[in-house]
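Residue numbers (full-length UniProt numbering): 1 to 119. From the three backbone atoms N, C-alpha and C, an ideal C-beta is built for every residue, glycine too. Okay, so here's the structure we're looking at.
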C-alpha cells in the first residue's frame with residue numbers, strides 16, 4: 001500500500017488502519033454537509049441559531065438581510081440535510097439546529113475563523 005518512494009515514518013499497518021477508517025466513513029455525506037454550509041447565508045442562519053436556540057423565518061430574514069422567501073429557502077435546505085429542525089406554534093414555524101453536533105460544528109468554525117483573523 002505504501003508508495004515506493006515514500007519515506008514517512010508511518011508503518012504499513014498504520015497506513016492500512018487509516019485507509020480502512022477513512023473508507024468506512026460516508027465521505028460523500030460529509031462532503032455534502034460542508035457543501036450545504038458553504039453558503040454564507042446558511043452559515044449566518046446557523047450561527048444565529050447557536051446564539052438563540054429557536055428563531056422564526058421572519059427573524060432569520062432580518063438577521064441575514066434577505067427576504068422571508070430567501071431565508072425560508074435556506075432553512076428548507078438546512079432542514080433537508082439534517083442540520084436544522086422545526087417546531088410549529090400556531091401560525092409560526094420556529095427553526096433550531098438539529099442537535100449539539102451541528103451547534104458545535106458552527107461554533108468551532110466561527111472560533112477558528114476568529115483566531116485566523118487575529119493572527
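Which residues in the same chain as residue i place their Cβ atom closer than 6 Å to its Cβ, once the five residues preceding and following it in sequence are excluded?
i           : result
residue 151 : Any answer about residue 151 is impossible in this case: the structure gives the chain only from 1 up to 119.
CB-CB under 8 Å to residue i, same chain, minus the five flanking residues each way: which ones, in chain order?
i          : result
residue 68 : 57, 58, 61
Does residue i pass the burial test, meaning 16 or more other C-beta atoms within 10 Å, or should it be called exposed?
i           : result
residue 121 : The question about residue 121 has no answer, for the chain in this structure spans 1 to 119.
residue 49  : buried
residue 46  : buried
residue 106 : buried
Using 8 Å for Cβ pairs, my map puts residue i next to residue j. What's the rounded Cβ distance?
i          : j           : result
residue 42 : residue 77  : 7 Å
residue 83 : residue 110 : Not a contact, Cβ separation roughly 15 Å.
residue 2  : residue 9   : About 11 Å separates the two Cβ atoms, so there is no contact after all.
residue 33 : residue 112 : At roughly 16 Å, the Cβ-Cβ gap does not stay under 8 Å, so residue 33 and residue 112 are not in contact.
Exercise for review: Write down every uninterrupted run of the beta strand (DSSP E) in the UniProt domain "HTH arsR-type" (22-117) whose length is 3 residues or greater and which is fully enclosed by it, in chain order.
Suggested key: 84-89, 92-97
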